[in-house]
Amino acid sequence: MAHLLVTGGAGFIGSNFVHHVIGHTDHTVTVLDKLTYAGNEASLAGLPEDRVDLVVGDIADAELVDTLFQKADAVVHYAAESHNDNSLHDPRPFLDTNIIGTYTLLEAARRHDTRLHHISTDEVYGDLELDDPARFTEHTPYNPSSPYSSTKAGSDLLVRAWVRSFGVRATISNCSNNYGPYQHVEKFIPRQITNVIRGIRPKLYGKGENVRDWIHADDHSSAVLTILDKGEIGETYLIGADGEKDNKTVVELILELMGQSPDAYDHVTDRAGHDLRYAIDSTKLRTELGWTPSYQDFEAGLAATIDWYRRNEAWWAPAKDGVEAFYASKGQ
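Take 1 as the starting number for the sequence shown in full-length UniProt numbering and just add one per residue.
Given below as structure tokens:
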């Protein structure tokens, strides 16, 4: 049994990780979360209070971070500003959290010699052509294209520098697009699902040709636990489930699974700088650490996700109207 500090543990991927830890290990968890619009205390509801503790605070608060590191056997760093559209509207919070926040955690890990795992994204690699057979690997050069992905790339480089310069015991993972429970309705899949539930036609950027490599959040969680347990210090591992789908296919599948006509959606103005295709090669993680995803059928995982949003309208409804009003103001 260990005590984990999980930053951003009330957000989408972080809360799924906390649920996974509680369900699959004997570990206890302290969640450090700023509870911005993307963090939701309700995402931790039902977890045992003697094993999960929520601390509301900022990862850039050095004094608070230092106090929490004193109690932690390991730290898993999910906290990040992560929505591309928001980064185009106001980049500054992405610098504060993704760069300064990560620096603050690294300095604490350095002082206390604490094992740290840093969660990143495949978006640091830029994008691939739609007809390119290649996939991202741990050796793909960084080529970020938005304030979000560039600040995540910067945070990755900070981790690498602190490992090499100061001997911080850290690993990095870059994961493909996640889907599953507790994802904010501003994101692509939950936005379309909740639109259909509300009787609103789904919205598709441009022609919908952009390809994402989808992985269920529970598989991401199991991969992170594997890296935390078996990963080699200083190494980067790519996490993916071979789930490449273009956005048009995903929207049409959501509609079909929800009993609607597959063409019952609207095309809207494309996002500025919209990356074409992401694709992850997770061979290193699978062969060196023995990890495999459980959700290898995307349709089944998507159906389970739809069912979760149908059963949990009280969780997502408070944010829905504001999100749709924001997109409407942009013609999206």
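By construction, the Cβ of each residue, glycine as well, lies at the ideal position given by its N, Cα and C atoms. As the structure is a computational prediction, the values presented were derived from the model and not from experiment.
- Within the model, the alpha-carbon separation for Ser155 versus Ala241 is close to 24 Å.
- Looking at the backbone, the Cα of Leu35 and that of Asp219 are separated by about 24 Å.
- Taken through DSSP and simplified to helix, strand or coil, Asn16 comes out as helix.
- Only buried fits Tyr295, as 16 or more other CB atoms lie within 10 angstroms of its CB.
- Counting other Cβ atoms within 10 Å of its Cβ, His184 reaches 16 or more and is therefore classed as buried.
- A direct Cα-Cα distance of roughly 26 Å separates Leu116 from Ala42.
- Following the DSSP letters along the chain, one finds Asn178 inside the beta strand (DSSP E) bounded by residues 177 to 179.
- Membership of Val52 in the beta strand (DSSP E) is indicated by the continuous run 52 to 56.
- Using a C-beta cut-off of 8 Å, the region 122 to 133 makes no contact with the region 191 to 202, since fewer than three inter-stretch Cβ pairs fall below that distance.
- Residue burial annotation: Glu252 is buried, with at least 16 other C-beta atoms found within 10 angstroms of its C-beta.
- The beta carbons of Val124 and Pro144 sit closer together than 8 Å.
- DSSP places Ala325 inside the alpha helix (DSSP H), whose first and last residues are 313 to 329.
- C-alpha of Leu228 to C-alpha of Thr171: approximately 8 Å in a straight line.
- One alpha carbon belongs to Glu299, the other to Ala272, and they sit about 29 Å apart.
- His77 carries a strand assignment under DSSP once its states are collapsed to helix, strand and coil.
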